[in-house]
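Accompanying notes for the structure given below.
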Amino acid sequence: MNVADSDEMFAHLAARGAVLTDKLEEADTVLVNTCTVRDHAEHRAVSFLGRLAAWKKEKPGRIIIFAGCAAQRLGQALQKKYPFLDILSGAKEIEHFSETLDKSGLFGPHQTAGELPAPGLTGYVTIMRGCNFACSYCIVPSVRGPIKCLPVQDILQDAARKAAAGAKEIMLLGQTVNAYQDGAVSFADLLNRVSEVPGVARVRFTSPHPIYFTPQFLAAVKDNPKIARHVHLPVQSGSTKVLQEMKRGYTREIFLDKIRALKSCGFNISTDIIVGFPTETEEDFRQTLSLVDEVKFFIAYCYKYSPRQGTPAAKMKLLGQKVLEERLDILLNRVRGLSDAAYQMQVGSEQEVLMETPHKGRSSGNFWVKTKKSYPVGSLVRTQIERADGTLLFARD
Ligand code: 5AD
Ligand code: SF4
């Protein structure tokens, strides 16, 4: 999501004549787009500002823009601490980034001819911003605000533009992406509509919330092979008690029901898990481990609970760091072999591979596949899987 937001902000700079460079030394302007979901992410963004202080001192005309969720959360306090910051643009202001640039007086006038970088094989398309949930550990609703869905027509236009510029795969983005609704158009309708955009071979999306995976959703997408058979579905905990304290809106059983339904339509499932939520007991943690064993996720990203100021959970008594570290270690050990096992399960299956290099591409379920023959980048190749090695499938082609 941040990559897509960065591209969107860059487009406004490009419209004022900016071109991209990945060399700090060459740049006149640095746009730092930030995350604040865990303390560590925010810390990294703010420490980078320290590095930029020296960069700016070398040539005082250089411009620093600090944007995104950490900018939103820290606001003016940051400007006080780092007076050399030129522009502060919080996550809620991304739609007004062009006005922010104009107001700063630091950039020339908006001329629409700016050169945008080509989207690559995957075009990211934001379909909604914000979140209407209030998970007790999560800072997103406060820094991003409530849900705003983009109009269907704008989304289709954005997808068409990216497909025309070379994207074969469209990735739809939103904090609770499958809560999308625009009038009568549901998320499933939108997926089907995007899949019909000329040039689009595959549609992915991230991140969904379990409760919106209804039987109606599955019925509407199950016959459309362009909708990728992979979902990243954060579970956060395997304990119903902790899920309730997290205010996730589902129980372990409901989550498992959703998984069964998704798997029956061929979806490969990855997840996020938080360990050491303040009320998590040893028994709750064991429930998470048993859920991992039961679901056999494709990938599980595991995080230590990080208290975020202003969230309800931040007022609860923390578990010790040692407990968090021990639990994370145990969980990481438990998830380590999952991907290899999921890859092994694919041996013998038929896959449709979207080629990202002449010899390598990704299947609909998001598995990496190596081919024997060489194919044009961006082509779709149907092949059987001969064997798996670690996190790579080998095609029979
Ligand atoms: N502490 C730890 N992990 C968190 N996440 C969100 N908030 C927190 C927090 N306070 C994790 C969740 C989410 C992912 C993007 O980050 O697992 O799915
Ligand atoms: Fe945060 Fe929960 Fe919204 Fe996800 S659904 S962004 S975890 S509040």
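For the sequence shown, my numbering gives the first residue as 1140, with consecutive numbering after it. Quick reminder that beta carbons are idealized off the backbone N, C-alpha and C, glycines included. For clarity, every value in this text was computed on a predicted model and none was experimentally measured.
Under 7 Å, do S1478 and Q1490 count as touching if we go by C-beta distance?
-> Here the question's residue 1478 lines up with position 339 in the sequence shown. Here the question's residue 1490 lines up with position 351 in the sequence shown. Taking 7 Å as the Cβ cut-off, S1478 and Q1490 do not qualify as a contacting pair.
Between I1438 and ligand 1, is the CB less than 6 Å from at least one heavy atom?
-> By 1-based counting over the sequence shown, the position of residue 1438 is 299. The closest heavy atom of ligand 1 lies 6 Å or more from the beta carbon of I1438.
In whole angstroms, what separates the C-alpha of Q1448 from that of V1185?
-> The residue you call residue 1448 lines up with position 309 of the sequence shown. The residue you call residue 1185 lines up with position 46 of the sequence shown. For Q1448 and V1185, the distance between alpha carbons rounds to 16 Å.
Assigned secondary structure, N1407 (DSSP; H/G/I helix, E/B strand, else coil) | Position 268 of the sequence shown, counted from the first residue, corresponds to residue 1407. It is a strand residue.
Nearest CA to the CA of F1539: which residue from G1500, K1196, I1350?
-> For the chain, the structure presents residues 1140 to 1536; residue 1539 sits outside this window and is missing.
Around ligand 1, what residues have a beta-carbon under 6 Å from a heavy atom of it, in chain order?
-> Shown in chain order are the residues whose CB sits closer than 6 Å to a heavy atom of ligand 1: V1176, R1177, Y1276, C1277, P1373, Q1375, D1411, I1413, Y1442, Y1444, S1445, R1447.
Are the CB atoms of A1166 and C1174 nearer to each other than 7 Å?
-> In the sequence shown, the residue the question calls residue 1166 occupies position 27. In the sequence shown, the residue the question calls residue 1174 occupies position 35. For A1166 and C1174, no; Cβs fall outside 7 Å.
To the nearest angstrom, report how far apart P1335 and K1443 are at their CA atoms.
-> Taking the first residue of the sequence shown as 1, we reach residue 1335 at position 196. Taking the first residue of the sequence shown as 1, we reach residue 1443 at position 304. According to the sequence shown, residue 1335 is Glu rather than Pro. Looking at the two C-alpha atoms, the distance is approximately 41 Å.
Y1324 beta carbon near ligand 2 (any heavy atom closer than 6 Å) | Taking the first residue of the sequence shown as position 1, residue 1324 is located at position 185. Correcting the residue identity first, residue 1324 is Val in this sequence and not Tyr. No, Cβ of V1324 sits at least 6 Å from all heavy atoms of ligand 2.
Which class does R1475 belong to by DSSP, given the choice of helix, strand or coil?
-> Your numbering for residue 1475 matches position 336 in the sequence shown. In the structure shown, R1475 sits in a helix (DSSP, three-state: H, G or I).
Starting from I1203, trace the beta strand (DSSP E) both ways and give me its first and last residue.
-> Here the question's residue 1203 lines up with position 64 in the sequence shown. That run of the beta strand (DSSP E) goes 1202-1207.
Provide the residue(s) that pair with E1308 in DSSP beta bridges, ordered along the chain.
-> Sequence index remark: in the sequence shown, residue 1308 carries index 169 (1-based). Per DSSP, T1261, R1341.
Cut-off 6 Å between Cβ atoms - residues of its own chain near R1212, not counting five sequence neighbours on either side = As a working mapping, residue 1212 is identified with position 73 in the sequence shown. Cβ neighbours of R1212 beyond the five flanking positions: T1175, V1282.
Just confirm the distance between the C-beta atoms of S1378 and D1423, as a whole number of angstroms; I'd bet it's less than 8 Å.
-> Reading the sequence shown from its first residue, position 239 is the one you call residue 1378. Reading the sequence shown from its first residue, position 284 is the one you call residue 1423. Correct: roughly 4 Å between the Cβ atoms.
Cutoff 6 Å; reference S1409; Cβ partners in own chain excluding five residues on either side | Position 270 of the sequence shown, counted from the first residue, corresponds to residue 1409. Here the set comprises H1371, F1436, F1437, I1438.
Environment of N1472 [buried if 16+ CB atoms lie within 10 Å] = Taking the sequence shown and counting its residues from 1, the one referred to as residue 1472 is at position 333. Classification for N1472: exposed.
Same chain, Cβ closer than 6 Å to L1430, neighbours up to 5 away in sequence not counted | By one-based count along the sequence shown, residue 1430 stands at place 291. For L1430, same chain residues with a beta-carbon under 6 Å away, outside a window of 5 residues either side, are G1377 in chain order.
If you draw a straight line from the C-alpha of C1270 to the C-alpha of Q1375, how long is it?
-> Start at 1 with the first residue of the sequence shown, and residue 1270 comes out as number 131. Start at 1 with the first residue of the sequence shown, and residue 1375 comes out as number 236. C-alpha separation (whole angstroms): 17 Å.
Taking the runs of the beta strand (DSSP E) that are 3 residues or longer, which of them lie wholly in the stretch 1266-1312?
-> You should have 1308-1312.
Start-end ranges of the beta strand (DSSP E) lying completely within the stretch 1395-1446, minimum 3 residues = The stretch 1395-1446 contains, as complete beta strand (DSSP E) runs of 3+ residues, the segments 1407-1414, 1439-1443 (chain order).
How many Å lie between E1147 and R1177 at the Cα?
-> Position 8 of the sequence shown, counting from 1, holds the residue named residue 1147. Position 38 of the sequence shown, counting from 1, holds the residue named residue 1177. Near 24 Å, if we compare the C-alpha coordinates of R1177 and E1147.
G1504 versus S1518, A1481, K1511, residue with shortest Cα-Cα distance | As a working mapping, residue 1504 is identified with position 365 in the sequence shown. Here the closest residue by C-alpha is A1481.
Have a look at R1183, P1222, Q1215 and flag the residue whose alpha-carbon is nearest the alpha-carbon of P1199.
-> In the sequence shown, the residue the question calls residue 1199 occupies position 60. Selected option, being the one with the closest Cα: P1222.
Whose C-beta lies closer than 6 Å to the C-beta of H1348 among residues of the same chain, with five residues either side of it excluded?
-> As a first step, residue 1348 is located in the sequence shown; it is residue number 209 there, counting from the start. The residues T1315, in chain order, have a CB closer than 6 Å to that of H1348 in the same chain once the five nearest residues on each side in sequence are set aside.
C1404 beta carbon near ligand 2 (any heavy atom closer than 6 Å) = Working through the sequence shown from its first residue, we reach residue 1404 at position 265. It does not: the Cβ of C1404 is nowhere closer than 6 Å to a heavy atom of ligand 2.
Residues of its chain near L1311, where Cβ-Cβ distance is below 6 Å and the 5 sequence neighbours each way are ignored = Working through the sequence shown from its first residue, we reach residue 1311 at position 172. Scanning its chain for C-beta atoms nearer than 6 Å, with the 5 sequence neighbours on each side dropped, one finds around L1311 the residues V1264, I1266, F1344, in chain order.
From G1189 to R1183, what distance separates their C-alpha atoms?
-> Translated into positions along the sequence shown, residue 1189 becomes position 50. Translated into positions along the sequence shown, residue 1183 becomes position 44. Distance between G1189 and R1183, taken at the CA atoms: about 10 Å.
Assigned exposure category for R1521 - 16 Cβ within 10 Å defines buried | For the purposes of this step, residue 1521 is taken as residue 382 along the sequence shown, with counting starting at 1. Looking at its Cβ environment, which holds fewer than 16 other Cβ atoms inside 10 Å, R1521 is exposed.
With a threshold of 16 other CB atoms inside 10 Å of the CB of Y1319, please say whether the residue is buried or exposed.
-> Looking up residue 1319 in the sequence shown gives position 180. With 16 or more Cβ atoms within 10 Å of its Cβ, Y1319 is classed as buried.
Hey, how far is the Cα of Y1389 from the Cα of L1382?
-> Taking the first residue of the sequence shown as position 1, residue 1389 is located at position 250. Taking the first residue of the sequence shown as position 1, residue 1382 is located at position 243. CA-CA distance, Y1389 to L1382, rounds to 7 Å.
Measure the Cβ-Cβ separation of E1308 and R1332 and say whether it is below 7 Å.
-> Here the question's residue 1308 lines up with position 169 in the sequence shown. Here the question's residue 1332 lines up with position 193 in the sequence shown. Not a contact, by the Cβ cut-off of 7 Å.
Helix, strand or coil at K1219 [DSSP, three-state] = Looking up residue 1219 in the sequence shown gives position 80. Of the three classes helix, strand and coil, the one that applies to K1219 here is helix, per DSSP.
Note down the Cα distance separating S1145 from D1411, rounded to an integer number of angstroms.
-> The sequence position of residue 1145 within the sequence shown is 6, counting from 1. The sequence position of residue 1411 within the sequence shown is 272, counting from 1. S1145 and D1411: Cα-Cα distance of roughly 23 Å.
Supposed contact pair T1530 and L1470 - C-beta distance, whole angstroms, cut 8 Å | The sequence position of residue 1470 within the sequence shown is 331, counting from 1. The sequence position of residue 1530 within the sequence shown is 391, counting from 1. With a Cβ gap of about 19 Å, L1470 and T1530 do not count as contacting.
Per DSSP, cross-strand counterpart(s) of Q1523 | In the sequence shown, residue 1523 corresponds to position 384, counting from 1. Partner(s): E1489.
Kindly indicate the opening and closing residues of the beta strand (DSSP E) around S1243.
-> Start at 1 with the first residue of the sequence shown, and residue 1243 comes out as number 104. It is not in any beta strand (DSSP E) - S1243 instead sits in the alpha helix (DSSP H) that spans 1236-1243.
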